[in-house]
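Enquirer:
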Amino acid sequence: MTENTELRFDGRVAVVTGAGAGIGREHALLLARSGARIVINDLGGDTHGGGKSNRAADLVVEEIKSSGGDAVANYDSVEHGERIIETALDHFGRVDIVINNAGILRDRSFQNMTDEEWDAIYNVHVRGAYKVTRAAWNPMREQDYGRIIMTASAAGIYGNFGQTNYSMAKLGLVGFCKSLAIEGRKRNIHTNTVAPIADSRLAAGIFPEAILNAIKPEYISPFVAYLCHESCEESGSLFEVGAGWIGKLRWERSLGHGFPLGESFTPADVGEQWDKLTNFEGASHPAHGEEAVTSFVKAQMGIDLS
């Protein structure tokens, strides 16, 4: 690897949710080693969201302090995100980085899924990320600086059997991220999403033993830390990360087929054009909603809105 100057986070305050173990713990430890002051948030429950314990967060705080870093624990659920951000403001006076990492699983086939299982996933992953981020948003706007990370998953991007609730929540965070990136641009608040592939409590039993050593949580954190650094201008993007590999994802749209304006068309007409509608040869890659709409209007109506 090429030599590079270490990226420092001196003077920055980072909030990491679900930081008592796994990926969140690695994020917190790396940022702390690089000079950031850290709020270690962890409810201390099990992978299904049950139970509560202070031990997980306390152990990470002790580890950071024993290495000369500065950290404080918070034991609130992310559904009470305002309390988590209050911990940062009360102890450190600011919040610069929010890593929404906390999560639970309630896997079940859709046929057998209960409302409680659906709502539990939504409340932790989506509402939890909203509550934490919402509480940090105005302080970040006032200081004209912020870095926010959403944690998605392959289940959200590609779907997965028995995880309709989890998939819904994880892809929902991608849309949340993209809109925040637009709204935060003028205030130097950057938001990105990572879909980690790592051995963690939530991934237990998914991967064969042979590859677990290659997908350690610590192989995710350097990239997340880079996204959180003041030198990084990336915003509104989605990345898959694991085993030292990093890839950026983008939307792809077929060239499609435009039926003549002012003329009716039937479902059978759609069927006749199906191969063209779904052929990605020469596909476009709209980067944002405005580009998606303007390119469609130009192709279908011949009007250039650019």
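In the working numbering, the protein residues as written are 2 to 307. Glycine included, C-beta positions come from ideal geometry on N, C-alpha and C.
Count the other CB atoms within 10 Å of the CB of I221; is the residue buried (16 or more) or exposed (fewer)?
Expert: Its Cβ being crowded by 16 or more others within 10 Å, I221 is buried.
Enquirer: Hey, how far is the Cα of A15 from the Cα of G263?
Expert: Their Cα atoms are separated by approximately 55 Å.
Enquirer: Once you ignore the five residues that flank Y159 on each side, which residues in its own chain have a CB closer than 6 Å to its CB?
Expert: Nothing meets the Cβ criterion.
Enquirer: Nearest to G129 by alpha carbon, out of W275, D108, T152, E7?
Expert: Nearest of W275, D108, T152, E7 to G129, Cα basis: T152.
Enquirer: Just list the alpha helix (DSSP H) runs in the stretch 93 to 163, keeping only unbroken ones of 4 residues or longer that don't cross its boundaries, in chain order.
Expert: Taking only runs of at least 4 residues, the alpha helix (DSSP H) segments lying wholly in the stretch 93 to 163 are 116 to 122, 129 to 144, 155 to 159.
Enquirer: By Cβ distance below 6 Å, which residues in the same chain neighbour K179 in space, the five residues on each side in sequence not counted?
Expert: Excluding sequence neighbours, K179 sits near G237.
Enquirer: Taking all protein chains shown into account, decide if A288 is buried (16 or more other Cβ within 10 angstroms of its Cβ) or exposed.
Expert: With fewer than 16 Cβ atoms within 10 Å of its Cβ, A288 is classed as exposed.
Enquirer: Whose CA, out of V96, F162, C233, lies closest to the CA of A72?
Expert: Taking only the C-alpha atoms, the option nearest A72 is V96.
Enquirer: Considering only C-alpha positions, which residue in the set G12, A196, F224, I150 is nearest to A182?
Expert: Cα-wise, what sits closest to A182 is I150.
Enquirer: Out of F162, G157, E219, which one is the CA nearest neighbour of A170?
Expert: Out of F162, G157, E219, G157 has the C-alpha closest to the C-alpha of A170.
Enquirer: Do you know how far the Cα of G283 is from the Cα of R84?
Expert: Each residue's alpha carbon lies about 49 Å from the other.
Enquirer: F10 to A33, Cα distance in whole Å?
Expert: Distance between the alpha carbons of F10 and A33 is about 8 Å.
Enquirer: Could you tell me whether the Cβ atoms of R1 and R56 are closer together than 9 Å?
Expert: Nothing can be reported for residue 1: it is not among the residues displayed for the chain, which extend from 2 to 307.
Enquirer: According to DSSP, is G23 part of a helix, a strand, or is it coil?
Expert: In the structure shown, G23 sits in a helix (DSSP, three-state: H, G or I).
Enquirer: Give me the residue from I24, F162, E184, H126 with the minimum Cα distance to G172.
Expert: The sequence shown places Leu at residue 172, rather than the Gly named in the question. Minimum Cα distance to L172 is reached at H126.
Enquirer: At what residues does the beta strand (DSSP E) containing A1 begin and finish?
Expert: What the structure shows of the chain is the stretch from 2 to 307, and residue 1 is not part of that stretch, so it cannot be assessed.
Enquirer: Evaluate contact between the stretch 240 to 255 and the stretch 56 to 65, counting only Cβ atoms and requiring at least three cross-stretch pairs below 8 Å.
Expert: No, they do not touch.
Enquirer: Which class does G243 belong to by DSSP, given the choice of helix, strand or coil?
Expert: Strand at G243.
Enquirer: Given this structure, state the Cα-to-Cα distance separating G21 from H28, to the nearest angstrom.
Expert: Using only the alpha carbons, I get a separation of about 10 Å.
Enquirer: Is V99 buried or exposed, if buried means 16 or more other CB atoms sit within 10 Å of its CB?
Expert: When all chains shown are included, V99 counts as buried.
Enquirer: Find the nearest neighbour of T88 within the set N166, N75, H81, judged by alpha-carbon distance.
Expert: Measuring from the Cα of T88, the nearest candidate turns out to be N75.
Enquirer: To the nearest angstrom, how far is it from the Cα of R188 to the Cα of V271?
Expert: About 45 Å.
Enquirer: Give me, in chain order, the residues of the same chain whose beta-carbon lies closer than 7 Å to that of G176; leave out the 5 immediate sequence neighbours on both sides.
Expert: Nothing meets the Cβ criterion.
Enquirer: Span of the alpha helix (DSSP H) holding T165?
Expert: Residues 165 to 185.
Enquirer: By Cβ distance below 6 Å, which residues in the same chain neighbour D77 in space, the five residues on each side in sequence not counted?
Expert: If we look at D77 and ignore the five residues flanking it on each side, its Cβ neighbours are R84, I85.
Enquirer: Who does K249 pair with in a DSSP beta bridge?
Expert: DSSP, once it has assigned bridges, lists F240 as partnering K249.
Enquirer: Got a sec? Which residues, its chain only, sit under 7 Å from F111 by beta carbon, not counting five neighbours each side?
Expert: Hits under 7 Å: T165.
Enquirer: Given L90, which residues of its chain have a CB within under 8 Å of its CB, disregarding the five upstream and five downstream residues?
Expert: Counting only Cβ-Cβ distances below 8 Å, and skipping sequence neighbours, we find V96, P140.
Enquirer: Let me confirm a value: F281 is counted as buried when at least 16 other C-beta atoms fall within 10 Å, else exposed. Which label applies?
Expert: Burial call: exposed.
Enquirer: Quick one: what's V14 bridged to in DSSP?
Expert: Paired residues: R38.
Enquirer: Flag this pair as yes or no: are the beta carbons of I105 and R142 separated by less than 9 Å?
Expert: Not in contact: I105 and R142 (Cβ atoms no closer than 9 Å).
Enquirer: R186 to S67, Cα distance in whole Å?
Expert: Spanning the two alpha carbons is a distance of roughly 37 Å.
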